[in-house]
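FYI, in full-length UniProt numbering the residues of the sequence shown are 1 to 313.
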Amino acid sequence: MAEERIALPTDIDALTALLAGQDYVAGRPLATVAFLALRLGRPLFLEGEPGTGKTEIARALATGLGRRLIRLQCYEGLDATQALCDWNFPAQMIAIRTAEAVGEAGGALDRTALQEELFGPDFLIERPLLQALRPTPEGPPVLLIDELDRTDAPFEAFLLEILSDYQATIPELGTIRAVEPPIVILTSNRTREVHDALKRRCLYHWVDYPALDRELAILAARVPDASARLSREIVGFVQRLRTEDLFKKPGVAETIDWAKCLLALDVISLSPEVIADTIGAILKYQDDIARLEGSEAKRLLEEVRAALPMEGP
Ligand SMILES: Nc1ncnc2c1ncn2[C@@H]1O[C@H](COP(=O)(O)OP(=O)(O)OP(=O)(O)O)[C@@H](O)[C@H]1O
Ligand SMILES: [Mg+2]
């Protein structure tokens with residue numbers, strides 16, 4: 001029922017608070033563009049480094065607003081039958097066989113009626129994009145089109161109709177239009193450029209690695225058991241690592257993972273040995289790990305410690 005719906009945030013601070021309620025720490029630029037996407041009813045296109053919270057914001061938004069999250073995970077070769085809808089072919093075959101058997105037994109076989117039935121709602125398999133156009137009592141769902149850069153240009157072109165008019169055309173059924181547009185979030189890791197025509201329909205934001213304060217706040221929200229001192233060391237070290245010329249820099253996801261690993265080992269403070277033992281939580285390429293061998297981890301840690309405030313437990 002409409003009156004049971006959670007109202008959309010009325011300003012940027014309210015949205016920031018709603019996300020914080022889901023342990024999602026949004027910086028002002030991201031909160032602003034997300035607020036505008038909600039207010040204007042436009043899709044939000046998030047591009048950025050891996051593990052920086054692009055997917056998670058869709059989850060946080062859906063939970064915070066009490067909406068259903070519908071996720072379309074993109075991959076190479078994704079097409080309309082997987083993304084929008086498909087026909088239940090085995091069930092159609094059974095229906096045809098049954099109708100034929102009835103005909104053979106002398107019953108009436110109405111071919112037109114059968115055809116209409118075969119391409120009607122009973123035989124339709126609804127995939128994420130079509131599900132997102134359907135009305136729901138709690139309010140339009142959050143549609144997450146995740147890792148769009150993994151698909152190809154024809155699929156992007158196919159998305160245009162849905163993203164501009166919130167409608168889809170199914171040859172056998174006609175055009176299906178959302179009564180209320182879903183909240184759409186698209187993400188990309190920019191392994192290739194997404195076409196301008198698609199970007200034009202969206203509000204855009206580049207999700208960068210968070211600054212030190214925000215990463216500390218994220219860690220406090222996600223791994224509250226980590227002490228303030230250990231958290232500062234972890235975040236300081238990860239932020240310092242990101243300034244190195246690495247093949248794959250650690251994202252926020254890695255910071256969180258590392259903190260959990262260190263807690264599981266009852267570590268209270270970083271040391272070169274601890275870093276060497278647990279480095280696999282933040283660096284996933286041997287070349288990057290090799291860079292930290294010898295005295296390099298010790299040197300970085302000393303730099304990080306020198307920059308830390310002295311107070312605190
Ligand atoms: N701003 C944030 N607030 C709270 N948690 C965050 C934030 N950013 C990232 N995280 C945490 O980091 C993890 C990774 O985030 P997420 O999966 O959204 O990254 P992503 O940008 O989608 O990465 P990828 O490009 O690899 O898919 C999540 O588990 C999430 O908890
Ligand atoms: Mg993601």
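All residues carry an ideal CB built from backbone N, CA and C; glycine is no exception.
This one's a predicted model, so the numbers in the text were calculated from it and none came from an experiment.
In terms of Cα proximity to V142, the closest of Y166, D149, Q286 is Y166. V184 carries a strand assignment under DSSP once its states are collapsed to helix, strand and coil. For Y204, the beta-bridge partners assigned by DSSP are F45. For D165, the enclosing alpha helix (DSSP H) starts and ends at 153–165. Residue state for Q82 is assigned as helix, using DSSP reduced to three classes. Excluding sequence positions up to five before and after R71, its CB lies within less than 7 Å of the CB of P128, L144, D146, all in the same chain and listed in chain order.
Between E244 and V304, the CB-CB gap reaches or exceeds 9 Å. Counted as a single uninterrupted DSSP element, the stretch harbouring D146 is not any alpha helix (DSSP H) but the beta strand (DSSP E) occupying residues 142–146. Beta-bridge pairing by DSSP links E56 to no other residue. In this structure, V235 sits near L219, with a CB-CB distance shorter than 9 Å.
When the Cα atoms are used, V274 and W258 turn out to be separated by approximately 11 Å. When rounded, the separation of the alpha-carbon atoms in G27 and D13 is 11 Å.
DSSP links L109 through a beta bridge to no other residue. Distances taken from the Cβ of K54 to the heavy atoms of ligand 2 include one shorter than 8 Å.
Set against 8 Å, the gap from the CB of T187 to the closest heavy atom of ligand 2 is smaller. The alpha helix (DSSP H) runs of length 4 or more contained entirely in the stretch 218–304 are, from start to end of the chain, 228–242, 252–264, 272–278, 286–291. Looking at the DSSP output, I12 sits in no beta bridge, so it has no partner there. Looking at R192, R134, G51, Y204, the one whose alpha-carbon comes closest to that of R150 is R192. For the options R240, A226, P182, R242, the alpha carbon positioned closest to that of A58 is the one of P182. Taking C-beta atoms as the reference points, T32 and T187 fail to come closer than 9 Å.
Shortest gap from the CB of V252 to any heavy atom of ligand 1: under 8 Å. When C-beta atoms of the stretch 62–76 are compared with those of the stretch 14–25, three or more pairs fall below 8 Å, so the two segments count as touching.
Pairwise C-beta distances place the stretch 74–93 in contact with the stretch 109–127, as three or more of them are shorter than 8 Å. Proximity of the stretch 148–162 to the stretch 101–112 falls short of the contact definition, fewer than three beta-carbon pairs being nearer than 8 Å. The shortest C-alpha to C-alpha distance from A276 to any of Q82, I256, L300 is the one to L300. When secondary structure is reduced to three states using DSSP, I125 falls in the strand class. Per the DSSP secondary-structure output, G139 pairs with nothing in a beta bridge.
Residue environment analysis places Q239 among the buried positions, since at least 16 neighbouring C-beta atoms fall within 10 angstroms of its C-beta. Counted as a single uninterrupted DSSP element, the beta strand (DSSP E) harbouring Q73 occupies residues 69–73. Relative to Y204, the option among L118, I268, V194 whose CA is nearest is V194.
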